[in-house]
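Using full-length UniProt numbering, count along the sequence shown one by one with no gaps and you end on 325. Virtual Cβ for every residue (Gly too), placed ideally from N, Cα, C. Each remark here refers to the structure printed beneath this line.
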Amino acid sequence: MRVNHIKGRVVRLSERSAQVDSPVHGLMAVDFDYAVVAVGSQYAGNSLWKVSGAAEADELSLIGRRKSLEAMRQNLEDLEKEQKTLVLLGAGLVGVELAAEVKHYFPTLRVVLADRSQTVLPVLPKDAQDYAQTWLKEHGVDLRLGCELPRDETALLKALEIDEAKVLLCAGLGFHAGMAATLECVDASGQITTNRFMQCIDSKGHPSADGRIFALGDCVNVRGTEMRFTKDIYPAEAMANVVVSNLRRLRNDPGSANLEELSSRLQEITLCSLGPTDCIFVRNGGVVTTGWIAVQMKHQVEVTKMGEMRQEMWGSFVWSLVPHW
Numbered sequence: 001m002r003v004n005h006i007k008g009r010v011v012r013l014s015e016r017s018a019q020v021d022s023p024v025h026g027l028m029a030v031d032f033d034y035a036v037v038a039v040g041s042q043y044a045g046n047s048l049w050k051v052s053g054a055a056e057a058d059e060l061s062l063i064g065r066r067k068s069l070e071a072m073r074q075n076l077e078d079l080e081k082e083q084k085t086l087v088l089l090g091a092g093l094v095g096v097e098l099a100a101e102v103k104h105y106f107p108t109l110r111v112v113l114a115d116r117s118q119t120v121l122p123v124l125p126k127d128a129q130d131y132a133q134t135w136l137k138e139h140g141v142d143l144r145l146g147c148e149l150p151r152d153e154t155a156l157l158k159a160l161e162i163d164e165a166k167v168l169l170c171a172g173l174g175f176h177a178g179m180a181a182t183l184e185c186v187d188a189s190g191q192i193t194t195n196r197f198m199q200c201i202d203s204k205g206h207p208s209a210d211g212r213i214f215a216l217g218d219c220v221n222v223r224g225t226e227m228r229f230t231k232d233i234y235p236a237e238a239m240a241n242v243v244v245s246n247l248r249r250l251r252n253d254p255g256s257a258n259l260e261e262l263s264s265r266l267q268e269i270t271l272c273s274l275g276p277t278d279c280i281f282v283r284n285g286g287v288v289t290t291g292w293i294a295v296q297m298k299h300q301v302e303v304t305k306m307g308e309m310r311q312e313m314w315g316s317f318v319w320s321l322v323p324h325w
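Listed below in C-alpha cells is the structure:
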C-alpha cells in the first residue's frame, strides 16, 4: 500500500510538518502536504488503552498488549480466589460491558460498579437502562449509583465502605490533541474542532493550515451538526469516508471548494454486550432487540468488520452495502 510507518509520538503539529519523537530516530520533522489527526481518546490514567491498569510503555507493541491482558486476567483470577473486590468507576457502556464480562468469567468475584449518575448507561434510552440494570443486579453486581466518587483511591474506597479493592477507571474521557494546540483548533475540553468537511478549524471557524489538516474519530468535536456524535466506530467511519473523499478531491484539484460534507445527523447505533450470551441493540433512541438475536448481530458485526479490515471478500462485500447516514 506504499505506506511509510514511523513509530513515535507527535509532540507538535504545525501547518506543514509534524515533530515526532521516535524511539528509533529520536526527534525528527516529518513534512507533509496534508495531515489527518486520528489520535482517539483515553480514560483517566497513563494507559494508551481505555481500561487497562498497565503502564503505557508496556503497551507500545502487540506483544506488550497481550502480556498486559494476560496479567490483568491473572489479577482477576487472584482477586476471585482471595475473595477480594473489583471496583469499576463509570457505569457507561465500557463499565457496564466490563462488569458483565467479569461476572460471566469470574462469577464469584465481587464486582462494584460505581457512578455519579443515578442510572447505568445514562446516554441510552430508559428501557435499555432498565434492562441492563436488571441484568447486573440478577448477576450479583453491586451497583453504587448517584454517589460522590473522590479522585483519591483511599478516599474513594472509604466512601464506598470497602477496605481493599482493585480499581479500574471506566470514565473520565481525555484526549491526545495537545500537539495541535499551536494551530488554535483545540477547544476547552481538549477536542479538536472541525467543520463538516472534517478540516481542523479555529474558534472563528477558519480552517487551520489553509484546510490541509483533517481530523476524525473520538478526538474531534464537529461543528454545524444537529447532534453530538457518540465516541464509537460508526461516526468515525462516516468521518473517515469524508476525509478520504476530500483528500482525493484536493489531490486532483488543489484548493478545490467542491468538498464532501459529513451529514449533520447520523444514525445512532449501539450494541451493548452483557457478557457473551446477552446484548442490547439500540437504534436512534429505542431498543430494537435484546438477548440471543442481539448477540448474533454483534457477533456478525465483529466478524465481518475484522474481515473487511483484513481485505477478505465476505467482510468487504457486507460493509460495502452498509451506508453511513
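Please say whether residue 182 and residue 220 have beta carbons closer to each other than 8 Å? If you number the sequence shown from 1, residue 220 lands on position 220. If you number the sequence shown from 1, residue 182 lands on position 182. Cβ atoms of residue 220 and residue 182: not closer than 8 Å.
Enumerate, from N- to C-terminal direction, the unbroken alpha helix (DSSP H) stretches of 4 or more residues contained entirely within the segment 150 to 235. 153 to 159
Whose C-beta lies closer than 6 Å to the C-beta of residue 12 among residues of the same chain, with five residues either side of it excluded? On the sequence shown, residue 12 is found 12 positions in, with the first residue counted as 1. Around residue 12: 19, 179.
Using the DSSP secondary-structure output, state which residues sit across from residue 22 in a beta bridge. Stepping through the sequence shown from its first residue, residue 22 is reached at position 22. Residue 22 pairs with 26.
Thinking C-beta only, is residue 113 closer than 8 Å to residue 132? If you number the sequence shown from 1, residue 132 lands on position 132. If you number the sequence shown from 1, residue 113 lands on position 113. Cβ distance not < 8 Å, so residue 132 and residue 113 don't count as in contact.
Select from 319, 263, 24 the residue whose C-alpha is nearest the C-alpha of residue 227. For the purposes of this step, residue 227 is taken as the residue at position 227 of the sequence shown. Checked all of 319, 263, 24; the closest Cα to residue 227 is 263.
CA-to-CA distance, residue 172 to residue 189, given in whole angstroms: As a first step, residue 189 must be located in the sequence shown, where it is residue number 189. As a first step, residue 172 must be located in the sequence shown, where it is residue number 172. Residue 189 and residue 172: Cα-Cα distance of roughly 11 Å.
Measure the alpha-carbon distance for residue 2 versus residue 236 and round it to whole angstroms. Translated into positions along the sequence shown, residue 2 becomes position 2. Translated into positions along the sequence shown, residue 236 becomes position 236. About 24 Å.
Alpha-carbon to alpha-carbon, residue 253 and residue 303: What you label residue 303 is simply residue 303 of the sequence shown in a count that begins at 1. What you label residue 253 is simply residue 253 of the sequence shown in a count that begins at 1. C-alpha separation (whole angstroms): 38 Å.
Simplified DSSP state of residue 119, which is helix, strand or coil: Residue 119 sits at position 119 when you count from the first residue of the sequence shown. Looking at residue 119 - three-state DSSP - the assignment turns out to be coil, as it is neither helix nor strand.
Can you grab the Cα-Cα spacing for the pair residue 125 / residue 257, in whole Å? Within the sequence shown, the letter at position 125 stands for residue 125. Within the sequence shown, the letter at position 257 stands for residue 257. Rounded to the nearest angstrom, the two C-alpha atoms are 40 Å apart.
Spell out a yes or no on whether the segment 198 to 211 and the segment 239 to 255 are touching, meaning 3 or more CB-CB pairs, one atom from each, closer than 8 Å. yes
Using DSSP with H/G/I as helix, E/B as strand and the rest coil, what is residue 245? The residue given as residue 245 occupies position 245 in the sequence shown. Helix, per DSSP.
Decide if residue 273 is buried, meaning its Cβ has at least 16 other Cβ atoms within 10 Å, or exposed. Residue numbering aside, residue 273 sits at position 273 when the sequence shown is read from its first letter. The residue in question, residue 273, is buried, as its Cβ has 16 or more Cβ neighbours within 10 Å.
In the DSSP assignment, what are the bridge partners of residue 286? In the sequence shown, residue 286 corresponds to position 286, counting from 1. Residue 286 is bridged to 283.
Contact between the segment 115 to 130 and the segment 154 to 169 (3+ Cβ pairs under 8 Å): no
Quick check on the burial criterion: 16 or more other C-beta atoms within 10 angstroms. Buried or exposed for residue 24? Here residue 24 refers to the residue found at position 24 of the sequence shown. Result: exposed.
Find the nearest neighbour of residue 285 within the set 85, 91, 267, 279, judged by alpha-carbon distance. Taking the sequence shown and counting its residues from 1, the one referred to as residue 285 is at position 285. Checked all of 85, 91, 267, 279; the closest Cα to residue 285 is 267.
When 323, 198, 111, 314 are compared against residue 243, the one with the closest alpha-carbon: Working through the sequence shown from its first residue, we reach residue 243 at position 243. With distances taken between Cα atoms, residue 243 lies closest to 198.
Of the listed residues 37, 149, 283, nearest to residue 239 (C-alpha basis): Looking up residue 239 in the sequence shown gives position 239. Minimum Cα distance to residue 239 is reached at 37.
Considering Cα atoms alone, identify which of 28, 15, 33, 63 is closest to residue 248. As a working note, residue 248 is residue 248 in the sequence shown. Per the Cα distances, 33.
Are there 16 or more other CB atoms within 10 angstroms of the CB of residue 135, so buried, or fewer, so exposed? Counting from one through the sequence shown, the residue named residue 135 turns up at place 135. Buried.
Distance between beta carbons of residue 143 and residue 109, contact taken as under 8 Å: On the sequence shown, residue 109 is found 109 positions in, with the first residue counted as 1. On the sequence shown, residue 143 is found 143 positions in, with the first residue counted as 1. Incorrect: roughly 15 Å between the Cβ atoms, too far for contact.
For residue 290, tell me which candidate among 283, 42, 278, 139 has the shortest Cα-Cα distance. Here residue 290 refers to the residue found at position 290 of the sequence shown. Closest option to residue 290, Cα to Cα, is 278.
Per-residue DSSP class, three states only, for residue 35: Numbered from its first residue, the sequence shown carries residue 35 at position 35. In the structure shown, residue 35 sits in a strand (DSSP, three-state: E or B).
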